[in-house]
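This report concerns only the one structure given below.
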Amino acid sequence: MAEATVSDDRLRLLIERVERLEEEKKGIADDVRDVYAEAKSVGYDVKIMRQIVRLRKMSHQDRQEMEAILDLYKAALGLG
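Take the numbering used here: the last position of the sequence shown gets the number 91, and nothing is skipped along the way.
Pasting the structure below:
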């Protein structure tokens with residue numbers, strides 16, 4: 012029975028940690044949303060900013076590969 016209590020306590024602590032992290036994540040998401048709102052209010056295109064953020068997360072090689080495939084698809088569809 013003692014093992015169940017220790018496991019129960021550990022489980023509770025782990026769940027509480029997850030809950031705290033989820034709250035922090037929500038706070039950070041709210042902060043990010045505020046930054047995009049500020050950018051929009053001064054005239055920046057938020058959709059493009061999100062794309063730039065996504066591109067900056069990629070490695071140079073992955074970005075080049077994606078751009079090459081995108082160019083190929085655009086050319087195939089006459090968007091070139």
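For each residue, glycine too, the CB sits at the ideal point set by N, CA and C.
Model, not experiment: these values are computed from the prediction.
As assigned by DSSP and simplified to three states, the class of residue i
i: V53; result: coil
i: G91; result: coil
i: S18; result: helix
i: H69; result: Position check: residue 69 holds Met in this sequence, whereas His was assumed. Here M69 sits in coil by DSSP.
Anticipated Cβ contact below 8 Å, residue i with residue j, distance rounded
i: V66; j: R74; result: Residue identity differs from the one stated: residue 66 is Leu in this sequence, not Val. Indeed, because the Cβ distance is near 6 Å, the residues count as touching under 8 Å.
Residue i Cβ short of 6 Å to the ligand FAD heavy atom set
i: G91; result: Within the structure as shown, the ligand FAD is missing, as the structure has no ligands at all.
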